[in-house]
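**Student:**
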Amino acid sequence: MSILTQLNAPPIYLICGGIIAFVAVLCVIFLIRAWRAGVALGMDKGAMKRAVTSSATFSLLPSVGILLGVIALSGSLGIPWPWLRLSVIGALHYETQVAQAAAEQVGMGTLSAARMTPGSFATIALLMSICIMWGMILSVFFNKKYTQKLTVSKEKAGGGFGDLAMTAMFIGLVSAYLGSYVGGFVSGNGLFTFTGDWTPIAVAAVSALVMAGFVYLAEKKQKAWVESFSVAGSMIVGMAAAVVIGLLMK
Amino acid sequence: MENKFNESWAAYTRGTHRIGRICTVVTLIMLVGAPFLMGTYLGALPDLGAVARAFLSVGLVWTVSSVVEFLIYTPMLGAGGGYLAFITGNLINMKIPCAVNARDIVGAKTGTPENEIISTLSIATSSLVTILVLALGVLLLTPLQPILQSEALQPAFSNVVPALFGAMAYKYYRNHMNIALAPLVLMSLLFILMPKLIESTSMMIIPSGALAIGIAWLLYRKQKGGN
Numbered sequence: 071m072s073i074l075t076q077l078n079a080p081p082i083y084l085i086c087g088g089i090i091a092f093v094a095v096l097c098v099i100f101l102i103r104a105w106r107a108g109v110a111l112g113m114d115k116g117a118m119k120r121a122v123t124s125s126a127t128f129s130l131l132p133s134v135g136i137l138l139g140v141i142a143l144s145g146s147l148g149i150p151w152p153w154l155r156l157s158v159i160g161a162l163h164y165e166t167q168v169a170q171a172a173a174e175q176v177g178m179g180t181l182s183a184a185r186m187t188p189g190s191f192a193t194i195a196l197l198m199s200i201c202i203m204w205g206m207i208l209s210v211f212f213n214k215k216y217t218q219k220l221t222v223s224k225e226k227a228g229g230g231f232g233d234l235a236m237t238a239m240f241i242g243l244v245s246a247y248l249g250s251y252v253g254g255f256v257s258g259n260g261l262f263t264f265t266g267d268w269t270p271i272a273v274a275a276v277s278a279l280v281m282a283g284f285v286y287l288a289e290k291k292q293k294a295w296v297e298s299f300s301v302a303g304s305m306i307v308g309m310a311a312a313v314v315i316g317l318l319m320k
Numbered sequence: 010m011e012n013k014f015n016e017s018w019a020a021y022t023r024g025t026h027r028i029g030r031i032c033t034v035v036t037l038i039m040l041v042g043a044p045f046l047m048g049t050y051l052g053a054l055p056d057l058g059a060v061a062r063a064f065l066s067v068g069l070v071w072t073v074s075s076v077v078e079f080l081i082y083t084p085m086l087g088a089g090g091g092y093l094a095f096i097t098g099n100l101i102n103m104k105i106p107c108a109v110n111a112r113d114i115v116g117a118k119t120g121t122p123e124n125e126i127i128s129t130l131s132i133a134t135s136s137l138v139t140i141l142v143l144a145l146g147v148l149l150l151t152p153l154q155p156i157l158q159s160e161a162l163q164p165a166f167s168n169v170v171p172a173l174f175g176a177m178a179y180k181y182y183r184n185h186m187n188i189a190l191a192p193l194v195l196m197s198l199l200f201i202l203m204p205k206l207i208e209s210t211s212m213m214i215i216p217s218g219a220l221a222i223g224i225a226w227l228l229y230r231k232q233k234g235g236n
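Going down the list, the sequences are from chains Y and S. With this note's numbering as the guide, the letters of the first sequence map in order to residues 71 to 320. With this note's numbering as the guide, the letters of the second sequence map in order to residues 10 to 236.
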């Protein structure tokens, strides 16, 4: 029996699927509790629905991207384990890097089904679990104290610096990524060669333009409902632009 | 009335931490236990020496990154959203922008009960969508694989993050250009002059965010002084 047949065996699916099911139930519990608490708090049900709808549409495309990660890793680690890792805790760039590092340590050189053994698979799987568990451990010990310190009273809400600080932090996050696209194009193939990949810059620009259109519709034409789909819609057009650029560059 | 509200909110928060902590510990045990369980089925347990060596070579970097992520993202996510997001992963490329977007649509303020509710709803929904899409994808892997891996579609899936951050940039830059300009220019210059840093973009969020917060603080103080 080949290693991939063993890694795709029903018991492995059962182990991984069971953990995914547990986390799915946990998400449903948090969702229902938060909804009920929101209602008890007197929050607008329409606003809560918009939060749910926008989050669902927002997550569709990135999820398909993550599915590609499952496909990419399934060639060496089988389907169930990458399915678990990317459904529950992982991030694609992390999983690939750690799996590769572990493969080197067990003497495989490179991550491939041809050199995979049951022992090396178990070792790689354990390392993938251990390396990224610290956020969860910190949550267990410090989430309560940390979030309690950050909680503000209703009177202070919106009047303090906290809200602006969070917006600024997010702006910093976005700026770091946009800056990396500019750097990749200008110096990706050598300092100031301007021969790097410009597709990410074009995609981000197209996506931003489409978002501008959505914002115009929401604010100037009073079509507030488009807000729930604005990010997903902008991303679809941006990603479609990447396909067009790819075809033109051939 | 106010007392009743405070009591019910305190009970909700206590419950969130209790459920969050228990379920995080259970998930941790399952995730670390799964390789041993699968190894037992496959007839070979993990090589703990190799795990230790690999952890020293690559794991320490991720440990530092995890601490930074916890400190930066927990305030954005709130208690319930925080527990869920650290269990379900994909923070930068999905959960954080998703929660920030939902908060923005509803107009909830950081640190308030409304923000806590919206963030939890957003992260839970986003996680469920990912779980569902991946489950369907795995179920339909054979017919879907040629489409998803077709050469023509590869640029689209390689550019999910630029598409996401392009849209989010417009939303956040347009009202805060005075905050965004300096980090954007500085980060672009840094990546142009030191392209090796592109591999560490997720770590560069720290100086970029610190600069943006510093500028925001100066503007806030100026505005407060003017009032």
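Positions of the beta carbon are idealized from the N, C-alpha and C atoms, including for glycine. Here the structure is a predicted model, which means the values were calculated and not measured.
What number of angstroms, rounded off, separates the C-alpha of Met212(S) from the C-alpha of Met196(S)?
**Tutor:** Using only the alpha carbons, I get a separation of about 12 Å.
**Student:** Return the CA-CA distance between Ile175(Y) and Ala63(S), expressed in angstroms with no decimal places.
**Tutor:** Ile is not the amino acid found at residue 175(Y); the sequence shown has Gln there. When rounded, the distance between both Cα atoms is 6 Å.
**Student:** Quick one: grab the DSSP three-state call for Asp56(S).
**Tutor:** In this structure, Asp56(S) counts as coil in the three-state DSSP scheme.
**Student:** Whole angstroms are fine: how far does the CA of Ser131(S) sit from the CA of Val142(S)?
**Tutor:** Answer to the nearest angstrom: the Cα atoms are 16 Å apart.
**Student:** My parser needs the alpha helix (DSSP H) runs of 4 or more residues fully inside the segment 190-258 of chain Y; what are they?
**Tutor:** Qualifying alpha helix (DSSP H) stretches, in chain order: 204-220 and 232-257.
**Student:** How about Gln76(Y): is its C-beta nearer than 9 Å to some C-beta of chain S?
**Tutor:** True, the Cβ-Cβ gap to chain S drops below 9 Å.
**Student:** Got a sec? Which residues, its chain only, sit under 7 Å from Ile271(Y) by beta carbon, not counting five neighbours each side?
**Tutor:** Counting only Cβ-Cβ distances below 7 Å, and skipping sequence neighbours, we find Tyr251, Val252 and Phe255.
**Student:** Establish whether the CB of Trp226(S) and some CB of chain Y are separated by less than 9 Å.
**Tutor:** For Trp226(S), the answer is yes, since a Cβ of chain Y falls inside 9 Å of its Cβ.
**Student:** For Val210(Y), tell me which candidate among Ile105(S), Pro44(S), Ile81(S) and Leu93(S) has the shortest Cα-Cα distance.
**Tutor:** If we check each option's Cα against that of Val210(Y), Leu93(S) comes out closest.
**Student:** Looking at C-alpha atoms only, which residue of Asn187(S), Val76(S), Ala108(S) and Ala43(S) is the closest neighbour of Ile215(S)?
**Tutor:** Minimum Cα distance to Ile215(S) is reached at Val76(S).
**Student:** Within the 9 Å Cβ cut-off, does Gln292(Y) reach chain S?
**Tutor:** No, no contact with chain S.
**Student:** Compare the Cα-Cα distances from Ala59(S) to each of Ser257(Y), Thr265(Y) and Gly177(Y) and report the closest residue.
**Tutor:** Answer by Cα proximity: Gly177(Y).
**Student:** To the nearest angstrom, how far is the alpha carbon of Thr33(S) from that of Leu40(S)?
**Tutor:** The straight-line gap from Cα to Cα measures roughly 10 Å.
**Student:** Counting only beta-carbon atoms, is Ala184(Y) nearer than 9 Å to chain S?
**Tutor:** Cβ-Cβ to chain S under 9 Å: no for Ala184(Y).
**Student:** Taking a cut of 7 Å between CB atoms, which residues from the segment 107-118 of chain S lie near chain Y?
**Tutor:** Going along the segment 107-118 of chain S in chain order, one finds Cys107, Val109, Asn110, Ala111, Ile114, Val115 and Lys118 with a Cβ nearer than 7 Å to chain Y.
**Student:** Could you pull out every residue in the same chain whose Cβ sits closer than 7 Å to the Cβ of Pro135(S), ignoring the five residues on either side in sequence?
**Tutor:** Looking at the sequence itself, residue 135(S) is Ser, so the reference to Pro does not match. Only Met103, Lys104 and Cys107 meet the Cβ criterion.
**Student:** Please determine, among Ala302(Y), Ile306(Y) and Val314(Y), the residue with the shortest C-alpha to C-alpha distance to Ser125(Y).
**Tutor:** Residue Ala302(Y) is the option with its Cα nearest to Ser125(Y).
**Student:** How far does the alpha helix (DSSP H) with Ser125(Y) in it extend, from its first residue to its last?
**Tutor:** Counting along the chain, the alpha helix (DSSP H) containing Ser125(Y) begins and ends at Lys115 to Leu147.
**Student:** Under 8 Å: do the segment 150-165 of chain Y and the segment 128-139 of chain Y share three or more Cβ pairs, one atom per stretch?
**Tutor:** Verdict: yes, contact present.
**Student:** In or out: Pro55(S) buried (at least 16 other Cβ within 10 Å) or exposed?
**Tutor:** Counting Cβ neighbours within 10 Å, Pro55(S) comes out buried, since at least 16 surround it.
**Student:** Find the nearest neighbour of Val122(Y) within the set Leu261(Y), Ser298(Y) and Leu318(Y), judged by alpha-carbon distance.
**Tutor:** It is Ser298(Y) whose Cα lies nearest to the Cα of Val122(Y).
**Student:** For the segment 204-215 of chain Y, which residues have a beta carbon sitting closer than 8 Å to at least one beta carbon of chain S?
**Tutor:** Correct list: Trp204, Gly205, Met206, Ile207, Leu208, Ser209, Val210, Phe212, Asn213 and Lys214.
**Student:** Would you say Pro204(S) reaches chain Y, if we count a Cβ-Cβ gap shorter than 9 Å as a contact?
**Tutor:** For Pro204(S), the answer is yes, since a Cβ of chain Y falls inside 9 Å of its Cβ.
**Student:** Please list, in chain order, all residues of the same chain as Ser304(Y) whose beta carbon is under 6 Å from its beta carbon, the five residues on each side excluded.
**Tutor:** Closer than 6 Å at the Cβ level, and outside the excluded window around Ser304(Y), lie Ser277, Val280 and Met281.
**Student:** Can you tell me which of Pro164(S), Thr151(S), Phe45(S) and Ala117(S) puts its alpha carbon nearest to the alpha carbon of Asp114(Y)?
**Tutor:** Among Pro164(S), Thr151(S), Phe45(S) and Ala117(S), the Cα nearest to that of Asp114(Y) belongs to Ala117(S).
**Student:** Return yes when the Cβ of Leu196(Y) is within less than 9 Å of the Cβ of Leu147(Y), no when it is not.
**Tutor:** No, the Cβ-Cβ distance between Leu147(Y) and Leu196(Y) is not below 9 Å.
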